[in-house]
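For the sequence shown, the numbering used here gives the first residue as 354, with consecutive numbering after it. C-beta atoms are modelled at their ideal positions from N, C-alpha and C, and glycine is treated no differently. To start, the structure itself, in structure tokens.
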Amino acid sequence: MITEKEKAAAGLFYDSALKSFEKERHRAKNLYHKYNHCKPTNFKKRNKIIKKLFGKTGKNFLIEQPFYCDYGYNIEIGDNFFSNMNCVMLDGAKIKFGNNVMIGPNVGFYGTGHPLGIEMRNKFIEYSFPIIVGNNVWIGGHVSVCPGVTIGDNSVIGAGSVVTKDIPSNSIAYGNPCRVVRTIDQDEVKLKEKYFKKLTKEEFKKMKK
354 MITEKEKAAA GLFYDSALKS FEKERHRAKN LYHKYNHCKP TNFKKRNKII
404 KKLFGKTGKN FLIEQPFYCD YGYNIEIGDN FFSNMNCVML DGAKIKFGNN
454 VMIGPNVGFY GTGHPLGIEM RNKFIEYSFP IIVGNNVWIG GHVSVCPGVT
504 IGDNSVIGAG SVVTKDIPSN SIAYGNPCRV VRTIDQDEVK LKEKYFKKLT
554 KEEFKKMKK
């Protein structure tokens with residue numbers, strides 16, 4: 354017989370009110386409570402707690418306080434991960450980040466949702482779909498990422514966006530709902546960055562005007 358945890362992993366409705374789920378959520382709460390009340394400059398202690406809380410961590414990560422999640426063990430981060438303050442991850446299913454991901458303040462990764470039917474919803478029945486964020490992704494402040502979304506490599510999500518569908522690689526996307534505005538041409542970006550590096554302070558000030 355399939356367990357409630359197996360149902361959750363398979364994207365089926367599951368009973369989140371079970372004591373086993375509650376126990377795991379309490380474990381996560383106790384860990385991120387310790388994390389959020391650490392001295393901000395005690396990076397050794399902070400990193401130790403995150404490694405205990407998350408399912409997988411890469412090299413070099415910084416998660417600004419406060420941080421919140423449901424379970425923690427479903428969260429995986431790659432190398433050079435940064436998230437600003439007030440990040441929320443509802444990780445009833447896997448939430449996975451690639452390398453070199455930057456996240457602005459007040460961003461939510463909401464992998465869990467509830468049924469439309471009132472009777473089931475009032476019994477705390479849930480469903481959870483994975484959220485996947487690729488490599489070299491920048492997500493602006495106040496973005497909401499919904500269940501089942503994949504954000505492709507090298508993409509930028511504008512501030513305040515509600516991401517309800519997959520975003521392809523190399524995209525600039527923003528809005529509610531979030532839409533691809535244009536594709537990023539990496540060769541064009543390199544040329545522009547090379548140009549800006551050569552500007553003097555005076556030339557840069559003129560451009561800003």
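With 16 other Cβ atoms within 10 Å as the buried cut-off, status of residue i
{"i": "L406", "result": "buried"}
{"i": "L443", "result": "buried"}
{"i": "E479", "result": "buried"}
{"i": "P393", "result": "exposed"}
{"i": "S481", "result": "buried"}
{"i": "K476", "result": "exposed"}
{"i": "K449", "result": "buried"}
Where residue i sits in the DSSP three-state scheme
{"i": "F407", "result": "coil"}
{"i": "L384", "result": "helix"}
{"i": "A526", "result": "strand"}
{"i": "S436", "result": "strand"}
{"i": "D444", "result": "coil"}
{"i": "D538", "result": "coil"}
{"i": "I402", "result": "helix"}
{"i": "E357", "result": "helix"}
{"i": "F396", "result": "helix"}
Residues near residue i in its chain [Cβ-Cβ closer than 6 Å; skip 5 each side]
{"i": "A381", "result": "C422, Y424, G425"}
{"i": "T503", "result": "I485, D519"}
{"i": "P458", "result": "N437, M438, N439, G494"}
{"i": "K447", "result": "N427, P483"}
Cross-strand partners of residue i (DSSP beta bridge)
{"i": "S373", "result": "Looking at the DSSP assignment, S373 forms no beta bridge with any residue, so it has no partner."}
{"i": "T503", "result": "I485"}
{"i": "F420", "result": "C440"}
{"i": "E429", "result": "K409, K449"}
{"i": "R532", "result": "Y527"}
{"i": "L415", "result": "F435"}
{"i": "S497", "result": "G461, V515"}
Own chain residues within Cβ distance below 8 Å of residue i, not counting five before or after
{"i": "Q527", "result": "Reading off the sequence shown, one finds Tyr at residue 527, where the question assumed Gln. Counting only Cβ-Cβ distances below 8 Å, and skipping sequence neighbours, we find G493, I510, G511, A512, G513, S514, V534."}
{"i": "V516", "result": "V496, S497, V498, C499, V502, I504, I510, A526, P530, C531"}
Nonlocal neighbours in the same chain, by C-beta distance under 7 Å from residue i, ignoring five residues either side
{"i": "T536", "result": "N523, S524"}
{"i": "P521", "result": "G505, V533"}
Below-8 Å beta-carbon distance, residue i vs any chain D residue
{"i": "S497", "result": "Given the protein chain composition of this structure (a single chain), no chain D is represented."}
Can you check the segment 446-494 for any beta strand (DSSP E) of at least 3 residues that lies completely inside it and give the ranges in chain order? 448-450, 461-463, 478-481, 484-486
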